[in-house]
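Undergrad:
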Amino acid sequence: MSPAPTPARWPAEAIWQAVAPLLPGFTVEVLPSIDSTSTELMRRARNGRLEPTLLVAEEQTAGRGRLGRQWHTGAYEGTGMVPALTFSLGLPLAPREWAGLSLAVGVSVAESLQPALPGADGGQPRILLKWPNDLWLQDGRKLGGILVETASLAGAPSEPRYVVIGIGLNVLPVLTQGLSTPPACLREVDSTLTAASALQRIALPLVQTLLGFAEHGFAPFQARFAQRDLLAGRGVTLSDGTQGTAHGVAEDGALLVHTARGMQAITSAEISVKPQ
Ligand code: BTN
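Quick note on UniProt numbering: the sequence shown kicks off at 1 and runs consecutively.
1) Are the C-beta of A104 and some C-beta of chain D separated by less than 8 Å?
2) Judging by CA-CA distance, which residue of E29, G100, G68 is the nearest neighbour of L255?
3) Are the beta-carbon atoms of I167 and V109 separated by less than 8 Å?
4) Mind checking which residues open and close the beta strand (DSSP E) that includes I15?
5) Look at the alpha carbon of L129 and the alpha carbon of R201, and state the distance between them as a whole number of angstroms.
6) Anyone know if the C-beta pair for G144 and L169 falls short of 8 Å?
7) Assuming G48 is part of the beta strand (DSSP E), what are its boundary residues?
8) Take S2 and list the residues in its own chain whose beta-carbon comes closer than 6 Å to its own, dropping the five residues that flank it on each side.
9) Please state the DSSP three-state secondary structure of A246.
10) With a threshold of 7 Å on Cβ separation, who are the neighbours of A265 within its own chain once the five nearest residues in sequence on each side are excluded?
11) Answer yes or no: the CB of I146 versus the heavy atoms of the ligand BTN, is any distance below 7 Å?
12) Under 7 Å: does the beta carbon of T86 sit that close to some heavy atom of the ligand BTN?
13) For L55 and S239, I'd like the C-alpha separation in whole angstroms.
Structure (structure tokens):
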């Protein structure tokens with residue numbers, strides 16, 4: 001007989017204690033199921049609910065990825081296990097420049113989960129960042145993704161906006177059918193991680209990252225991104241068919257690609273970049 005599943009024990013109180021001094025009015029909520037944590041925080045913002053909120057869902061029925069894609073998490077129905085960490089953090093923010101925010105978030109999440117990069121000797125896999133919003137393992141499998149959305153508060157460009165940072169990370173192996181290469185999961189990086197313990201590691205540094213970004217922009221994160229840049233030095237194909245070699249990211253988070261027409265700074269979220 002297999003042991004009864006242990007319900008996830010979310011560190012909501014500990015996260016609240018650590019974050020509330022930095023974000024007055026901060027709340028933490030954990031829901032068993034919702035359409036999408038990011039959709040819910042944007043709905044609340046449109047209804048005037050703008051308090052800083054960390055919203056975690058054990059299941060999303062309509063999770064959203066970038067570029068209008070769906071975000072599915074593996075099915076572990078009836079087991080009591082939470083296969084993925086899915087949460088959104090919403091707060092008013094007024095950075096001087098928004099460019100590079102999702103890259104800074106990626107740096108923060110990767111460093112929280114793997115503070116030191118392991119050696120490239122084939123042992124523990126490295127968590128790398130694939131411009132602009134993905135966390136991958138070095139073997140080319142996606143571990144998770146980041147979705148950054150903002151809503152205007154007062155309309156003026158210099159006013160703060162309500163930003164919703166949605167993060168999805170596979171924790172347990174993804175049970176998929178029909179995919180030749182299943183996505184990666186956090187258990188491959190650290191066999192002790194659960195959705196709850198991953199959240200505990202990520203939450204406070206993420207808030208500190210957002211506050212630091214609001215103050216100083218992307219520049220302080222540039223070198224840290226470079227350490228985990230999956231595309232650096234690799235051939236890439238832009239979604240318009242242009243081919244080139246990735247040369248890291250600029251101070252504003254743009255991807256630098258050397259093409260036949262010279263160095264191009266790619267900023268548009270509509271451009272997908274794939275290793276050749
Ligand atoms: C991507 O890789 O395209 C981004 C995926 C972001 C998924 C997260 S899960 C929590 C939050 N709620 C959503 O509906 N999406 C984000």
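Virtual Cβ for every residue (Gly too), placed ideally from N, Cα, C.
TA: This is what the structure holds:
1) Note that chain D does not occur in the displayed structure, where there is just one protein chain.
2) G100
3) yes
4) That residue, I15, is in no beta strand (DSSP E); its alpha helix (DSSP H) goes 12 to 19.
5) 18 Å
6) yes
7) Premise fails: G48 is in no beta strand (DSSP E) and is neither H nor E.
8) Confidence is the limiting factor: at S2 the pLDDT is only 44, short of 50, which leaves the residue's position unreliable, though a coordinate-based value still follows. Hits under 6 Å: none found.
9) strand
10) A250, A254, L256
11) yes
12) yes
13) 33 Å
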